[in-house]
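So the structure is just underneath, and the comments pick up after that.
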Amino acid sequence: MMSCTHGTVVYSANLFKGETYKHTYLQHLKAYEKGTKFFCNDVICKYWPFAVKVGNLFADSNPEYKKLTQDMVPFLSRSHGLGHFWACRVLYNGHWEKDGVDMLGEEQEQVFSYMARLVSTTKHQSRASRRDDISSAILYFNLDKQKRMIPSLCLWLNRARCKTLLYGKKLQSMLDHRGLNKEDLPLILQRFKKQEKLVNTRNATFFDTCKARTANRKIMSKKKKRVDTIVELLSGKGIKVSKENLNTGFFPWHDTTKYYELIDTWMLSLRYEEAIVQAKKEMGEFIRSLTSLCFDLQNDIRNYEKIMPVTLLNYSRSIMATTEIARIRELMEKGVNQFTDALNLNISED
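All the letters of the sequence shown, read from the start, carry residue numbers 3 to 352 under the working numbering.
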């Protein structure tokens, strides 16, 4: 299942076998068709090079495949990224990209956690026993999301405003502590990404196959005693090297770990500022979509009334459309009032 940032399911497909890049690529295609900028996945750091290769392979016969990686930006989900290699967290961190707002990238996992309740009844979908329970559950799930859209947008706006103040204050404190200015941050980020690209390229070149990784492990096991000796020597000189340093390849004399939190805080402050603008846009789009729906229903009513003689079916349709217009107008009034209250809410640094 593929979802948007609000956790609404926008596309789903049957899996008769385990999940593969084929299914992820299908989601990528559907996301591109909908005009999205970011494609978020928990293994995007592995999938994206694959998508680039597919695009280059079919550049002449299917040029739309290449556009998937040229016109879209990879987004590594926030929580999954914490367990990835340093290079993944730097090169594919969606919060480090412009217009990434405050999307976590875990919305699809939240959908999975809800839909997992149906596993016991729909796990084996053979032709004889297949039912549309999952399809019905998706429709119900989306309807519930739509009903809670107004308070969700208000909560999103207020949270973004609070986080903007919080991360802005934290960023300024970190800059003062290091004796830096905001003008220095783009240069640090550029150097940061350049260093991670070199590390990522090295790993992709030498350890991309099982055979290469096995050979590397043998070499590392032989050199472990030498490494322990060097660590002891450095410890005697007051330089502490942890196990994490050995695993990641970044040591205390590198500026990677020292500046990661600084850059991440800076980027999050920018993303929450974007989230405020995006939340206001979505509030406006929500009201405009309801207004457009009312106009369409009113046109339908006029078309039904033009048909002579008036049939019971057309009369029933007019009544249903009139009832729906009344419901939508009530929803619009509720939305305008709650959006106005959220926009007028005074949020201070305290």
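Beta carbons are placed, not taken as given, at the ideal position from N, Cα and C, and that holds for glycine. As the structure is a prediction and not an experimental result, all values here were calculated from the model.
- In this structure, the alpha-carbon of K147 lies about 27 angstroms from that of N348.
- E35 has its alpha-carbon roughly 41 angstroms from the corresponding atom of Q174.
- A straight-line Cα-Cα distance of about 14 angstroms links S154 and D104.
- With respect to the 9 angstroms criterion, T38 and M3 are not classified as neighbours on the basis of their beta carbons.
- For F194, the secondary structure class from DSSP, reduced to helix, strand or coil, is helix.
- Around L295, the same chain offers I330 as residues with beta carbons nearer than 7 angstroms, after the five sequence neighbours per side are excluded.
- With 16 or more other Cβ atoms inside 10 Å of its own Cβ, A89 counts as buried.
- Contact between the region 270 to 286 and the region 182 to 196 is absent: fewer than three C-beta pairs spanning the two stretches fall below 8 angstroms.
- Across the structure, N58 and K68 are spaced so that their CA atoms are roughly 6 angstroms apart.
- Beta-bridge annotation (DSSP): F60 is not paired with any residue.
- A residue is called buried once 16 or more other Cβ atoms fall within 10 Å of its Cβ, and L84, having fewer, is exposed.
- T293 and E332 have their C-alpha atoms roughly 12 angstroms apart.
- For the options D62, P188, Q72, the alpha carbon positioned closest to that of A53 is the one of Q72.
- Counting only the Cα atoms, E198 lies some 28 angstroms from K227.
- A residue is called buried when at least 16 other Cβ atoms come within 10 angstroms of its Cβ; T26 meets this threshold and is buried.
- Inter-segment contact for the region 162 to 174 and the region 277 to 289 is present: three or more beta-carbon pairs are separated by less than 8 angstroms.
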